[in-house]
Amino acid sequence: MKIIAGNWKMNGTKENLIKMIHDLSELSTENKIILCVPFTMLDTDSGKISIGAQDVSQHAHGAYTGEVSAKMIADTGAKYVIVGHSECRQYHGDTNDTVRKKSAQALANGLTPIICVGETMDEKQAGKTMEIIESGVRESVPTDASADNIIIAYEPRWAIGAGLTPTREEIATAHTLIAKTLTEMGLDGAPVLYGASVKGSNAADIMSVTNVNGVLVGGASLKSDDFIPIITSVK
Ligand code: 13P
Numbered sequence: 001m002k003i004i005a006g007n008w009k010m011n012g013t014k015e016n017l018i019k020m021i022h023d024l025s026e027l028s029t030e031n032k033i034i035l036c037v038p039f040t041m042l043d044t045d046s047g048k049i050s051i052g053a054q055d056v057s058q059h060a061h062g063a064y065t066g067e068v069s070a071k072m073i074a075d076t077g078a079k080y081v082i083v084g085h086s087e088c089r090q091y092h093g094d095t096n097d098t099v100r101k102k103s104a105q106a107l108a109n110g111l112t113p114i115i116c117v118g119e120t121m122d123e124k125q126a127g128k129t130m131e132i133i134e135s136g137v138r139e140s141v142p143t144d145a146s147a148d149n150i151i152i153a154y155e156p157r158w159a160i161g162a163g164l165t166p167t168r169e170e171i172a173t174a175h176t177l178i179a180k181t182l183t184e185m186g187l188d189g190a191p192v193l194y195g196a197s198v199k200g201s202n203a204a205d206i207m208s209v210t211n212v213n214g215v216l217v218g219g220a221s222l223k224s225d226d227f228i229p230i231i232t233s234v235k
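Quick note: the sequence shown, position 123, residue 123 per my numbering, numbers continuous.
Right, here's the structure in full:
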């Protein structure tokens, strides 16, 4: 069983989501499917597909105009939330510290945070990939996490939306480091997803890499014609 998560980013409408849920409901698969959609769609009736948000406030409640709390997300029936996505780190200034606080809010409200870590092109070229990944995991995961209530996503930031993918060896090295770090943190077995330019043509290959427990898919999760081949590419 693999975890196949879609990240719709700021795309789609409720009508699109209802169609996607309908198309996916006809699939026979043992894989776990999660769709992380904009806040406005979180309360959509989704059957066996799990729904997640894409960000959450680091605060519980109060005067934080425009923010959405973990309690509010849980109130819609959603079960997951992406935290520390590279676009939130890049455009909203999220740091490992912020991501840990947001993830703690998610856990306190019964949501599973999908905590993203990954290096930029500058960090990669400076030879800092392993350091960024390891500190990302150590500093972004809250102390009260357990292996069955968090998911880590390795998203090499230079490859997102760029049609670029790391080599199998690069993915294996990153995922093995994450798995080892999680073990050292007492979180042995927490799932680790790979995300960046995943599509039907490369999904099976990526998910066959050691320590890859699933994928987090951006662009190719928006249309069922693109998303279904990813889901059905592995058992
Ligand atoms: P793409 O699949 O479009 O590269 O996006 C990856 C991503 O950011 C998933 O969270």
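Ideal placement from N, C-alpha and C gives every residue a C-beta, glycine not left out.
Bear in mind the structure is a predicted one, so any value in this text is a computation, not a measurement.
Could you tell me the boundaries of the beta strand (DSSP E) in which residue i lies?
i     : result
ALA53 : 50–53
GLY6  : 3–7
Alpha helix (DSSP H) containing residue i: first to last residue?
i      : result
TYR80  : Unbroken run through TYR80 is the beta strand (DSSP E), 80–83; no alpha helix (DSSP H).
VAL137 : 129–140
ILE236 : The requested residue 236 does not occur in the structure, where the chain is confined to residues 1 to 235.
Helix, strand or coil for residue i, going by three-state DSSP, please let me know.
i      : result
THR112 : strand
LEU24  : helix
VAL99  : helix
LYS235 : coil
TYR91  : helix
Is it the case that the Cβ atoms of residue i and residue j are separated by a distance below 8 Å?
i      : j      : result
CYS36  : GLN58  : no
ILE21  : THR44  : yes
LEU182 : ILE133 : no
PHE227 : SER221 : yes
THR129 : GLU119 : yes
VAL56  : ALA78  : no
LEU216 : GLY195 : yes
Any chance the CB of residue i is under 7 Å from a heavy atom of the ligand 13P?
i      : result
GLU30  : no
ILE160 : yes
GLU239 : Any answer about residue 239 is impossible in this case: the structure gives the chain only from 1 up to 235.
VAL83  : no
GLY219 : yes
GLY200 : no
ALA203 : no
ALA196 : yes
ASN11  : no
LEU24  : no
ASN213 : no
LEU193 : no
LEU35  : no
ASN7   : yes
LEU27  : no
Might you give, ordered along the chain, the residues of its own chain that have their beta carbon closer than 8 Å to the beta carbon of residue i, omitting 5 neighbours on each side?
i      : result
TYR80  : ALA5, ILE34, CYS36, SER50, ILE51, GLY52, ALA53, LEU111, THR112, PRO113, ILE114 and ILE151
LEU187 : VAL141, ALA145, SER146, ALA147 and ILE150
LYS124 : PRO156 and TRP158
Give every residue of the same chain whose Cβ lies closer than 6 Å to the Cβ of residue i, excluding the five residues on either side of it in the sequence, and list them in chain order.
i      : result
ALA174 : ILE133 and TYR154
ALA106 : VAL56, ALA70, VAL81 and PRO113
Does the beta carbon of residue i sit closer than 8 Å to a beta carbon anywhere in chain B?
i      : result
THR120 : Absence of chain B from the displayed structure is noted, only one protein chain being present.
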